[in-house]
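Chains as they are written, first to last, in our numbering: chain Y, 3 to 174; chain V, -15 to 342. Ideal Cβ placement from N, Cα and C applies to all residues, glycine included. Quantities reported herein were computed from a predicted structural model and do not represent experimental measurements. Okay, structure first, notes after.
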């Protein structure tokens, strides 16, 4: 069975203490292509199911169509890494890709995962939001800050750089 | 073939599951695109199993499951949740709502079909034993003889445990030439005993949990103990053959729920056929897993199988031939499976085992 139907990517979107599960129609692109696209400030999802983080399993509302404002999005989580990577991130590098463990805090969550970097790690470039507003992590676990036993897992996450308050690395 | 209800708001998913369940699983499929209709179909059509999506407008899958569980008619329906919301918290909520199995989309076809078979009781859960209940509602039909021989033949395939659940001095130990010095009666008196200490081992390697040698003056094993026994013993055996009491007691009901296969033994005498017919009518939920065996317990002419089949609501697997030598062998504590491995009865039982394991 295929997850993708009409190029729909099912993902969890987290913002301001809410979890919204929905399908994003990516057409020929990935979710990463759309999120990183600086020419649009929002994305439209279909069949959105809303849960409060306090009861993250219970569905409190659903809407056939919903709009998510990219600036307000904390992070999004997918089960398939290919749904999340930008087109240029899907290819290798002459320098090889290194997997850098990373710890990030954002409102309501702390995230653990890996950066896929095609070169040297430079945190200043990493956190600069002038060129790219999001950060791609792979193999991610997101713990809810006020309920650490409650966690969300995904093959990849796109994290809004402007919402990151702390970034922890093992070395530079 | 089971009747499976699928509740999912995605038309593509309904089509896909219909093809998989019908073509690969050989099941009858009922489809519903929303929770409210799904609930009505569950009540009207009485499916054996439901596959429920979570993210559906108007009524979520969790609400559907809660309502199914709260209605006595559908409270025991087996339910699989199949959802794209695959986080640990979603699994917890689904289980709390009453789902038996939680699967995330996309799911492998074989995983889905295996889980369905597991839930329908056709295959044991991973690490568990295949439980075969041997039942006969009329006396003198050779139920214990069959259970003992079957267990001995299964022991040649893998570690087998024979459980004699008769509360009235069962005969499994006698037929195996063992003295029931240890039996499950000790467990009733001393719930703290280890189960392994209650077993007896036959020379063939077969383990026996014998019934108490004296009829019990009180209730036999309670359901909680029996459930725990099936779980515990299932870890150390590949097969559990249960010689069930000839009544629909709580112990029998639980065994019918737990058994992956049920063998209903009947002779071809009219009173026995009548008890079997009535029994099969009552045991509707287990009929899918039931094989019917006719045992010729006396010599001479027997009624034609076709006529008997017309009267019985389940397929007759075979009629075991009459064999006088079998009774003598049993009295010597050497069942046919050991003493007459080439006899027609043992040959038929080997064929039965093939069917049970297929």
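Shown here for residue 169 of chain V: same chain residues with a beta carbon closer than 6 Å to its own, the five before and five after excluded, namely 196 in chain order. The beta-bridge partner set that DSSP reports for residue 24 of chain Y consists of Y:13. If you check the CB distance, residue 120 of chain V and residue 248 of chain V come in under 8 Å. Counting the other CB atoms within 10 Å of its CB gives residue 121 of chain Y a total below 16, which places it among the exposed residues. If you ignore the 5 residues before and after residue 240 of chain V, its C-beta comes within less than 7 Å of the C-beta of 117, 246, 267 and 270, all in its own chain and listed in chain order.
Look at residue 33 of chain Y: its C-beta is not under 8 Å from any C-beta on chain V.
A Cβ-Cβ contact shorter than 8 Å links residue 86 of chain Y with residue 160 of chain Y. Using a Cβ-Cβ cut-off of 8 Å, residue 152 of chain Y counts as an interface residue toward chain V, since at least one Cβ of chain V sits closer than that to its own.
With fewer than 16 neighbouring CB atoms inside 10 Å of its own CB, residue -15 of chain V falls in the exposed class. If you ignore the 5 residues before and after residue 25 of chain Y, its C-beta comes within less than 6 Å of the C-beta of 10, 12, 48 and 49, all in its own chain and listed in chain order. Secondary structure within the stretch 141 to 185 of chain V: the beta strand (DSSP E) runs of 3 or more consecutive residues, fully enclosed, are 144 to 148 (chain order). Between residue 232 of chain V and residue 260 of chain V the beta-carbon gap is near 13 Å, outside 8 Å, which marks them as no contact. Taking 8 Å as the threshold, the shortest C-beta distance from residue 68 of chain V to chain Y falls below it. Proximity of residue 114 of chain Y to chain V, defined by a Cβ-Cβ separation below 8 Å, is not satisfied. Around the C-beta of residue 40 of chain Y, fewer than 16 other C-beta atoms lie within 10 Å, and the residue is accordingly described as exposed. In the structure shown, the three-state DSSP call for residue 122 of chain Y is coil.
DSSP, reduced to helix, strand and coil, places residue 86 of chain Y within a helical segment of the structure shown.
Note on geometry: alpha-carbon atoms of residue 293 of chain V and residue 28 of chain V lie some 29 Å from one another.
If you check the CB distance, residue 225 of chain V and residue 135 of chain V come in under 8 Å. Within 10 angstroms of the beta-carbon of residue 62 of chain Y lie fewer than 16 other beta-carbons, which makes it exposed.
The beta carbon of residue 123 of chain V is closer than 8 Å to those of 230 in its chain, skipping five residues each way along the sequence. Taking 8 Å as the cut-off, the beta carbon of residue 252 of chain V is found no closer than this to the beta carbon of residue 298 of chain V. With a 10 Å radius around the Cβ and a threshold of 16 neighbouring Cβ atoms, residue 159 of chain V comes out buried. Neighbours of residue 44 of chain V across chain Y, judged by C-beta separation under 7 Å: 61.
Among the CB atoms of chain Y, none fall inside 8 Å of the CB of residue 219 of chain V. Per DSSP, the unbroken beta strand (DSSP E) holding residue 141 of chain Y starts and ends at 136 to 146.
For the C-beta of residue 84 of chain V, not a single chain Y residue is nearer than 8 Å; the gap to the nearest is close to 17 Å.
Remark: fewer than three beta-carbon pairs, one from each stretch, lie closer than 8 Å, so the stretch 28 to 48 of chain V and the stretch 27 to 44 of chain Y are not flagged as touching.
Nearest to residue 30 of chain V by alpha-carbon distance, out of V:98, V:55 and V:94, is V:55. Around the beta carbon of residue 39 of chain V, 16 or more other beta carbons sit within 10 angstroms, so the residue counts as buried. With contacts defined by Cβ atoms closer than 8 Å, residue 81 of chain V and residue 64 of chain V do not form a contacting pair. With respect to the C-alpha of residue 115 of chain V, the residue from V:10, V:223, V:60 and V:183 having the closest C-alpha is V:223. If you draw a straight line from the Cα of residue 155 of chain Y to the Cα of residue 143 of chain V, it is about 40 Å long. Separation of residue 95 of chain V and residue 73 of chain V (C-alpha to C-alpha, rounded to the nearest whole angstrom) is 21 Å.
When the five nearest sequence neighbours on each side are left out, the beta carbons in the same chain lying within less than 7 Å of the beta carbon of residue 6 of chain V are those of 13, in order along the chain.
Within the stretch 49 to 82 of chain V, the residues whose Cβ lies closer than 7 Å to any Cβ of chain Y are, in chain order, 68, 69, 70, 71, 72, 73, 74, 76 and 77.
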